[in-house]
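J.: Just so we're aligned, residue 1 is where the sequence shown starts under full-length UniProt numbering, counting upward by one. For every residue, glycine included, the Cβ atom is placed at its ideal position computed from N, Cα and C. Treat the numbers as computed from the prediction; the structure is a model and nothing was measured.
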Amino acid sequence: MGLLLVTPFTLLFLAFLIAPLCYAFWLSLRTSTLVGGDHFSWFANYKQAFTDPQFLSGVRRVVLFGLVQIPVMLALALVGALIIDEVTSRLAKVFRMTLFMPYAVPAVIGALMWGFLYSPTFGPVNSISNALGLGSVNLLSHNLMLTSLGNIVTWQWTGYNMIVLYAALQGLPREVYEAAKLDGAGQIQTALRIKIPMVSSALVLTLMFTIIGTLQFFTEPRVLEPTASSVISPDYTPNLYAYNLAFQYSEFNYSAAISFALGAVVFIGSYIFLFLTRRRSGLK
1 MGLLLVTPFT
11 LLFLAFLIAP
21 LCYAFWLSLR
31 TSTLVGGDHF
41 SWFANYKQAF
51 TDPQFLSGVR
61 RVVLFGLVQI
71 PVMLALALVG
81 ALIIDEVTSR
91 LAKVFRMTLF
101 MPYAVPAVIG
111 ALMWGFLYSP
121 TFGPVNSISN
131 ALGLGSVNLL
141 SHNLMLTSLG
151 NIVTWQWTGY
161 NMIVLYAALQ
171 GLPREVYEAA
181 KLDGAGQIQT
191 ALRIKIPMVS
201 SALVLTLMFT
211 IIGTLQFFTE
221 PRVLEPTASS
231 VISPDYTPNL
241 YAYNLAFQYS
251 EFNYSAAISF
261 ALGAVVFIGS
271 YIFLFLTRRR
281 SGLK
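#1: Confirm, please, whether the CB-CB distance from Asn239 to Pro267 is below 7 angstroms.
#2: Taking the alpha carbon of Glu220 as the point to measure from, which residue in Pro106, Ser41, Cys22, Ala49 has its own alpha carbon closest?
#3: Return the CA-CA distance between Ser250 and Ser28, expressed in angstroms with no decimal places.
#4: Can you give the Cα-Cα distance for Phe273 and Ser127, rounded to whole angstroms?
#5: Could you pull out every residue in the same chain whose Cβ sits closer than 7 angstroms to the Cβ of Gln54, ignoring the five residues on either side in sequence?
#6: For Tyr177, tell me which candidate among Ile196, Ala261, Thr210 has the shortest Cα-Cα distance.
#7: Considering only the alpha carbon of each residue, which of Leu34, Thr51, Val63, Trp26 lies closest to Trp42?
#8: For the structure I just gave you, are there three or more beta carbon pairs, one from the region 149-160 and one from the region 99-119, closer than 8 angstroms?
#9: Tell me, which residues are paired with Gly37 by DSSP?
#10: So, for Leu245: in the same chain, excluding its five sequence neighbours on each side, which residues have a beta-carbon less than 7 angstroms away from its beta-carbon?
#11: Between Leu91 and the rest of its own chain, which residues show a CB-CB distance below 7 angstroms, the 5 nearest in sequence each way excluded?
#12: Val137 to Phe116, Cα distance in whole Å?
#13: I'd like to know if the region 137-152 and the region 179-186 are in contact, where contact means that at least 3 CB-CB pairs between them fall below 8 angstroms.
#14: Just to confirm my understanding: we take Ala111, look at its own chain, exclude 5 residues before and 5 after, and list those with CB closer than 7 angstroms. What are they?
#15: State yes or no: is the C-beta of Thr277 within less than 7 angstroms of the C-beta of Gly58?
#16: Do you know whose CA, among Gln189, Arg96, Thr154, Asp85, lies nearest Leu169's CA?
#17: Going by DSSP in three states, Glu225 sits in which element: helix, strand or coil?
#18: If I measure Cβ to Cβ from Gln248 and keep anything under 8 angstroms in the same chain, skipping five residues before and after, which residues do I get?
#19: Determine the burial state of Gln187: buried for a count of at least 16 other Cβ atoms within 10 Å of its Cβ, exposed for fewer.
#20: Under 7 angstroms between the Cβ atoms of Leu34 and Leu165?
#21: Considering only residues of the same chain and omitting the five flanking positions on each side of Phe260, which have a CB-CB separation below 6 angstroms?
#22: What distance in whole Å lies between the Cβ atoms of Gly66 and Ile211, which are believed to be in contact at a cut-off of 8 angstroms?
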(Lines of atoms letter the chains of each structure in order from A and count residues from 1; the text may use other names and numbers.)
(Lines give C-alpha, C1' and ligand atoms only; values in the text may rest on other atoms or scores of the structure.)
Protein backbone atom coordinates (compact mmCIF):
# COMPACT_ATOMS: atom_id res chain seq x y z
CA MET A 1 0.00 0.00 0.00
CA GLY A 2 2.87 2.38 0.77
CA LEU A 3 4.47 1.75 -2.62
CA LEU A 4 1.10 2.28 -4.31
CA LEU A 5 0.64 5.66 -2.60
CA VAL A 6 4.09 6.98 -3.56
CA THR A 7 3.91 5.70 -7.15
CA PRO A 8 2.22 8.85 -8.61
CA PHE A 9 4.84 11.12 -7.04
CA THR A 10 7.65 8.80 -8.16
CA LEU A 11 6.41 8.80 -11.75
CA LEU A 12 6.09 12.59 -11.82
CA PHE A 13 9.51 12.95 -10.17
CA LEU A 14 11.15 10.72 -12.78
CA ALA A 15 9.29 12.28 -15.71
CA PHE A 16 9.65 15.96 -14.86
CA LEU A 17 12.95 16.12 -12.92
CA ILE A 18 15.22 13.12 -13.39
CA ALA A 19 14.54 12.60 -17.11
CA PRO A 20 15.02 16.30 -18.05
CA LEU A 21 18.21 16.44 -15.97
CA CYS A 22 19.61 13.34 -17.69
CA TYR A 23 18.70 14.73 -21.11
CA ALA A 24 20.26 18.11 -20.30
CA PHE A 25 23.44 16.42 -19.07
CA TRP A 26 23.55 14.37 -22.28
CA LEU A 27 23.19 17.59 -24.28
CA SER A 28 26.00 19.23 -22.29
CA LEU A 29 28.41 16.48 -23.40
CA ARG A 30 27.75 17.10 -27.09
CA THR A 31 28.60 19.88 -29.53
CA SER A 32 26.52 20.89 -32.52
CA THR A 33 27.95 23.10 -35.29
CA LEU A 34 26.96 23.82 -38.88
CA VAL A 35 30.29 22.54 -40.19
CA GLY A 36 31.04 19.60 -37.91
CA GLY A 37 27.47 18.57 -37.17
CA ASP A 38 26.41 17.01 -33.88
CA HIS A 39 29.13 14.99 -32.14
CA PHE A 40 30.13 13.77 -28.69
CA SER A 41 32.68 16.18 -27.17
CA TRP A 42 32.85 14.90 -23.57
CA PHE A 43 33.65 17.78 -21.18
CA ALA A 44 34.77 20.36 -23.75
CA ASN A 45 31.73 22.53 -23.04
CA TYR A 46 32.51 22.51 -19.31
CA LYS A 47 36.11 23.49 -19.98
CA GLN A 48 34.85 26.37 -22.08
CA ALA A 49 32.31 27.36 -19.39
CA PHE A 50 34.86 27.67 -16.58
CA THR A 51 37.08 29.82 -18.81
CA ASP A 52 34.22 31.87 -20.29
CA PRO A 53 34.63 35.50 -19.13
CA GLN A 54 30.89 36.15 -19.58
CA PHE A 55 29.92 33.27 -17.30
CA LEU A 56 32.58 34.14 -14.72
CA SER A 57 31.60 37.82 -14.71
CA GLY A 58 28.00 36.82 -14.06
CA VAL A 59 29.08 34.63 -11.15
CA ARG A 60 31.14 37.49 -9.70
CA ARG A 61 28.19 39.85 -10.07
CA VAL A 62 25.74 37.62 -8.18
CA VAL A 63 28.37 36.93 -5.49
CA LEU A 64 28.86 40.68 -5.02
CA PHE A 65 25.09 41.12 -4.98
CA GLY A 66 24.71 38.43 -2.33
CA LEU A 67 27.48 39.78 -0.09
CA VAL A 68 25.46 42.98 0.38
CA GLN A 69 21.85 41.89 -0.01
CA ILE A 70 21.80 38.66 2.01
CA PRO A 71 23.06 40.13 5.33
CA VAL A 72 20.66 43.08 5.03
CA MET A 73 17.65 40.87 4.30
CA LEU A 74 18.38 38.30 7.03
CA ALA A 75 19.09 41.06 9.55
CA LEU A 76 15.71 42.64 8.83
CA ALA A 77 14.03 39.22 9.00
CA LEU A 78 15.69 38.44 12.34
CA VAL A 79 14.73 41.81 13.84
CA GLY A 80 11.15 41.36 12.65
CA ALA A 81 10.97 37.84 14.09
CA LEU A 82 12.32 39.03 17.45
CA ILE A 83 9.78 41.86 17.55
CA ILE A 84 6.71 39.74 16.81
CA ASP A 85 7.97 37.07 19.21
CA GLU A 86 8.10 39.62 22.00
CA VAL A 87 4.86 41.46 21.25
CA THR A 88 1.72 39.46 22.04
CA SER A 89 -0.96 41.98 21.06
CA ARG A 90 -3.08 41.97 17.91
CA LEU A 91 -0.60 44.32 16.28
CA ALA A 92 1.87 41.43 16.12
CA LYS A 93 -0.51 39.46 13.90
CA VAL A 94 -1.05 42.47 11.64
CA PHE A 95 2.70 43.12 11.46
CA ARG A 96 3.40 39.45 10.70
CA MET A 97 0.80 39.30 7.94
CA THR A 98 1.91 42.62 6.43
CA LEU A 99 5.54 41.52 6.14
CA PHE A 100 4.59 38.12 4.74
CA MET A 101 2.27 39.51 2.05
CA PRO A 102 5.03 40.39 -0.49
CA TYR A 103 6.04 36.71 -0.56
CA ALA A 104 2.51 35.85 -1.70
CA VAL A 105 2.97 38.09 -4.75
CA PRO A 106 4.43 36.14 -7.71
CA ALA A 107 8.01 37.13 -8.45
CA VAL A 108 7.16 38.22 -12.01
CA ILE A 109 4.33 40.48 -10.83
CA GLY A 110 6.54 41.97 -8.13
CA ALA A 111 9.34 42.68 -10.61
CA LEU A 112 6.89 44.29 -13.05
CA MET A 113 5.50 46.47 -10.27
CA TRP A 114 8.94 47.64 -9.16
CA GLY A 115 9.97 48.14 -12.78
CA PHE A 116 7.09 50.59 -13.13
CA LEU A 117 8.11 52.37 -9.91
CA TYR A 118 11.74 52.57 -11.07
CA SER A 119 10.97 53.79 -14.58
CA PRO A 120 12.92 57.01 -15.31
CA THR A 121 10.24 58.25 -17.74
CA PHE A 122 6.86 57.61 -16.06
CA GLY A 123 7.76 56.08 -12.70
CA PRO A 124 6.47 57.79 -9.53
CA VAL A 125 9.84 57.54 -7.76
CA ASN A 126 11.47 59.82 -10.30
CA SER A 127 8.47 62.18 -10.26
CA ILE A 128 8.60 62.50 -6.46
CA SER A 129 12.36 63.11 -6.59
CA ASN A 130 11.88 65.94 -9.09
CA ALA A 131 9.01 67.39 -7.04
CA LEU A 132 11.24 67.51 -3.96
CA GLY A 133 13.95 69.31 -5.91
CA LEU A 134 16.38 66.37 -5.76
CA GLY A 135 16.63 66.06 -9.51
CA SER A 136 16.17 62.98 -11.68
CA VAL A 137 17.19 59.65 -10.17
CA ASN A 138 17.63 56.78 -12.61
CA LEU A 139 17.29 53.67 -10.45
CA LEU A 140 17.87 51.49 -13.51
CA SER A 141 21.31 52.92 -14.30
CA HIS A 142 24.59 50.98 -14.17
CA ASN A 143 25.48 52.37 -10.74
CA LEU A 144 22.11 51.68 -9.09
CA MET A 145 20.88 48.53 -10.85
CA LEU A 146 22.21 46.04 -8.27
CA THR A 147 20.80 48.22 -5.48
CA SER A 148 17.39 48.31 -7.17
CA LEU A 149 17.41 44.55 -7.70
CA GLY A 150 18.47 44.05 -4.09
CA ASN A 151 15.53 46.14 -2.94
CA ILE A 152 13.11 43.97 -4.93
CA VAL A 153 14.51 40.73 -3.54
CA THR A 154 14.62 42.08 0.01
CA TRP A 155 11.02 43.30 -0.25
CA GLN A 156 9.83 39.90 -1.46
CA TRP A 157 11.80 37.48 0.73
CA THR A 158 12.23 39.23 4.08
CA GLY A 159 8.76 38.21 5.27
CA TYR A 160 9.30 34.58 4.33
CA ASN A 161 12.58 34.34 6.24
CA MET A 162 11.00 36.21 9.15
CA ILE A 163 8.25 33.59 9.44
CA VAL A 164 10.83 30.77 9.40
CA LEU A 165 12.84 32.43 12.18
CA TYR A 166 9.67 33.27 14.11
CA ALA A 167 8.62 29.61 13.99
CA ALA A 168 12.03 28.65 15.38
CA LEU A 169 11.64 31.20 18.19
CA GLN A 170 8.20 29.83 19.03
CA GLY A 171 9.73 26.41 19.56
CA LEU A 172 12.12 27.60 22.27
CA PRO A 173 11.30 26.69 25.88
CA ARG A 174 9.78 29.65 27.73
CA GLU A 175 11.46 28.56 30.97
CA VAL A 176 14.74 29.90 29.61
CA TYR A 177 13.22 33.37 29.25
CA GLU A 178 11.88 33.26 32.80
CA ALA A 179 15.31 32.26 34.12
CA ALA A 180 16.89 35.14 32.19
CA LYS A 181 14.41 37.61 33.71
CA LEU A 182 15.18 36.32 37.20
CA ASP A 183 18.86 36.91 36.51
CA GLY A 184 18.11 40.51 35.56
CA ALA A 185 18.47 40.22 31.78
CA GLY A 186 16.57 42.77 29.72
CA GLN A 187 14.84 42.19 26.40
CA ILE A 188 17.90 43.12 24.33
CA GLN A 189 20.20 40.90 26.39
CA THR A 190 17.71 38.02 26.15
CA ALA A 191 17.54 38.44 22.38
CA LEU A 192 21.31 38.66 21.87
CA ARG A 193 22.46 36.03 24.36
CA ILE A 194 19.61 33.52 24.38
CA LYS A 195 17.22 33.77 21.44
CA ILE A 196 19.66 34.31 18.58
CA PRO A 197 22.15 31.58 19.68
CA MET A 198 19.31 29.09 20.16
CA VAL A 199 17.91 29.64 16.65
CA SER A 200 21.33 29.54 14.96
CA SER A 201 20.38 26.35 13.07
CA ALA A 202 17.36 28.13 11.54
CA LEU A 203 19.57 31.11 10.68
CA VAL A 204 22.08 28.86 8.94
CA LEU A 205 19.30 27.09 7.06
CA THR A 206 17.74 30.33 5.79
CA LEU A 207 21.19 31.64 4.90
CA MET A 208 22.01 28.52 2.90
CA PHE A 209 18.73 28.62 0.97
CA THR A 210 19.22 32.33 0.32
CA ILE A 211 22.73 31.75 -1.03
CA ILE A 212 21.42 29.06 -3.37
CA GLY A 213 18.63 31.34 -4.57
CA THR A 214 21.04 34.23 -5.10
CA LEU A 215 23.39 32.18 -7.27
CA GLN A 216 20.36 31.18 -9.36
CA PHE A 217 19.19 34.80 -9.71
CA PHE A 218 17.02 35.04 -12.83
CA THR A 219 13.43 36.30 -12.60
CA GLU A 220 13.96 39.94 -11.60
CA PRO A 221 16.74 40.79 -14.12
CA ARG A 222 14.86 38.90 -16.85
CA VAL A 223 11.68 40.93 -16.25
CA LEU A 224 13.59 44.24 -16.08
CA GLU A 225 15.77 43.43 -19.11
CA PRO A 226 13.45 45.06 -21.70
CA THR A 227 13.20 48.21 -19.56
CA ALA A 228 16.96 48.48 -18.93
CA SER A 229 18.44 46.66 -21.91
CA SER A 230 21.52 48.90 -21.91
CA VAL A 231 22.33 47.85 -18.33
CA ILE A 232 21.11 44.25 -18.04
CA SER A 233 23.15 42.42 -20.66
CA PRO A 234 22.36 38.86 -21.85
CA ASP A 235 25.07 37.56 -19.49
CA TYR A 236 24.09 39.67 -16.48
CA THR A 237 23.60 36.58 -14.29
CA PRO A 238 24.63 32.96 -14.97
CA ASN A 239 21.03 31.74 -15.25
CA LEU A 240 20.13 34.61 -17.57
CA TYR A 241 23.20 33.79 -19.66
CA ALA A 242 22.15 30.13 -19.96
CA TYR A 243 18.59 31.15 -20.86
CA ASN A 244 19.71 33.53 -23.61
CA LEU A 245 22.20 31.01 -25.00
CA ALA A 246 19.42 28.47 -25.39
CA PHE A 247 16.45 30.57 -26.50
CA GLN A 248 18.12 33.52 -28.22
CA TYR A 249 21.17 31.90 -29.87
CA SER A 250 20.01 28.23 -29.99
CA GLU A 251 23.21 27.02 -28.32
CA PHE A 252 21.44 24.31 -26.36
CA ASN A 253 24.53 22.19 -25.71
CA TYR A 254 26.61 25.00 -24.26
CA SER A 255 23.59 26.35 -22.36
CA ALA A 256 23.13 22.96 -20.69
CA ALA A 257 26.83 22.92 -19.76
CA ILE A 258 26.51 26.43 -18.26
CA SER A 259 23.52 25.28 -16.20
CA PHE A 260 25.36 22.25 -14.82
CA ALA A 261 28.47 24.34 -14.19
CA LEU A 262 26.35 26.75 -12.15
CA GLY A 263 24.84 23.76 -10.34
CA ALA A 264 28.35 22.59 -9.47
CA VAL A 265 29.20 26.04 -8.11
CA VAL A 266 26.03 26.05 -6.00
CA PHE A 267 26.66 22.54 -4.68
CA ILE A 268 30.29 23.15 -3.79
CA GLY A 269 29.53 26.52 -2.21
CA SER A 270 26.66 25.06 -0.15
CA TYR A 271 28.77 22.11 1.00
CA ILE A 272 31.64 24.35 2.08
CA PHE A 273 29.25 26.65 3.93
CA LEU A 274 27.59 23.77 5.78
CA PHE A 275 30.98 22.23 6.57
CA LEU A 276 32.20 25.47 8.12
CA THR A 277 29.02 26.06 10.15
CA ARG A 278 27.91 22.54 11.09
CA ARG A 279 29.36 22.58 14.63
CA ARG A 280 28.10 26.03 15.56
CA SER A 281 24.63 25.55 14.10
CA GLY A 282 24.06 21.95 15.08
CA LEU A 283 23.27 20.94 11.46
CA LYS A 284 24.87 17.74 10.18
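T.: So, to answer that:
#1: The sequence given here has Phe at residue 267, not Pro. No, Cβ-Cβ distance for Phe267 and Asn239 is not below 7 angstroms.
#2: Pro106
#3: 13 angstroms
#4: 44 angstroms
#5: Asp235, Tyr241
#6: Ile196
#7: For Trp42, the nearest C-alpha among the options comes from Trp26.
#8: Result yes; three or more Cβ-Cβ pairs closer than 8 angstroms.
#9: Partner(s): Thr33.
#10: Glu251, Tyr254, Ser255, Ile258
#11: none
#12: Val137 and Phe116 have their C-alpha atoms spaced approximately 14 angstroms apart.
#13: no
#14: Ile152, Thr219, Glu220, Val223, Leu224
#15: no
#16: Asp85
#17: coil
#18: Pro234, listed in sequence order.
#19: Exposed, since its Cβ has fewer than 16 Cβ neighbours within 10 Å.
#20: no
#21: Ser28
#22: Their Cβ separation, rounded to whole angstroms, is 6 angstroms, which keeps Ile211 and Gly66 in contact under 8 angstroms.
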